[in-house]
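69 is the number that numbering that gives the first Met the number 0 gives to position 70 of the sequence shown; each next residue is one higher, with no gaps.
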Amino acid sequence: MVSMTGYYKGELRTELTHLKSGNVVITDAPPDNNGKGEAFSPTDLTCASLNSCMMTLMGILAQRENIELTGLRSEIVKIMNPAPRKIAEIQITFTHDNLVATDVQKEKLKRAALTCPVALSLSENVKQNIVFNF
Numbered sequence: 000m001v002s003m004t005g006y007y008k009g010e011l012r013t014e015l016t017h018l019k020s021g022n023v024v025i026t027d028a029p030p031d032n033n034g035k036g037e038a039f040s041p042t043d044l045t046c047a048s049l050n051s052c053m054m055t056l057m058g059i060l061a062q063r064e065n066i067e068l069t070g071l072r073s074e075i076v077k078i079m080n081p082a083p084r085k086i087a088e089i090q091i092t093f094t095h096d097n098l099v100a101t102d103v104q105k106e107k108l109k110r111a112a113l114t115c116p117v118a119l120s121l122s123e124n125v126k127q128n129i130v131f132n133f
């Protein structure tokens with residue numbers, strides 16, 4: 000069953016539609032790869048997907064453990080390899096200033112993030128440098 004569609008709009012821009020919700024994502028090639036950089040690039044979305052997947056898995060665990068995770072923030076850095084052009088490293092720093100959780104629960108949150116489906120799906124050649132500030 001088709002869950003998403005894609006459409007090439009020209010000028011290195013694509014439009015992706017999530018069929019169930021109707022949500023639309025636009026991508027542009029980045030300026031360093033002949034694009035306008037006016038939207039997320041496909042490799043940006045890969046990094047954002049890793050971040051979102053990690054947050055989602057931490058959220059599932061937080062619900063189960065009765066941990067209030069609202070307010071968790073992240074900063075994402077994408078490092079590209081020039082030749083061949085590919086993602087070399089994804090750096091994500093998660094921060095929660097007021098997380099109320101035991102040390103055991105914090106370790107469970109970290110393990111949930113590090114074993115999310117996107118993290119496990121990425122090539123071992125993509126370095127995942129993940130920092131937890133909580």
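The beta-carbon is built from N, C-alpha and C at its ideal position, and this holds for glycine as well.
What's the C-alpha gap between residue i and residue j?
i	j	result
residue 68	residue 58	7 Å
residue 62	residue 82	43 Å
residue 42	residue 113	19 Å
residue 90	residue 131	11 Å
residue 105	residue 111	10 Å
residue 40	residue 54	21 Å
residue 29	residue 17	23 Å
residue 118	residue 101	25 Å
Let me check understanding here. Comparing Cα to Cα, which of the options lies closest to residue i?
i	options	result
residue 75	49, 19 and 62	49
residue 73	22, 80 and 93	93
residue 8	107, 27 and 18	27
residue 86	99, 95, 19 and 126	126
Using a Cβ-Cβ cutoff of less than 8 Å, which residues in the same chain neighbour residue i once the five nearest sequence positions on both sides are dropped?
i	result
residue 97	70
Once the 5 residues before and after residue i are set aside, which same chain residues still bring their CB inside 7 Å of it?
i	result
residue 33	11
List the whole-angstrom C-beta distance separating residue i from residue j, where the pair is believed to meet the contact cut-off of C-beta under 8 Å.
i	j	result
residue 115	residue 52	4 Å
residue 1	residue 15	The pair is not a contact, with the Cβ atoms about 12 Å apart (cut-off 8 Å).
Can you give, in chain order, each stretch of the beta strand (DSSP E) that sits fully within the segment 8-60 and has at least 3 residues? The beta strand (DSSP E) runs of length 3 or more contained entirely in the segment 8-60 are, from start to end of the chain, 12-17 and 23-27.
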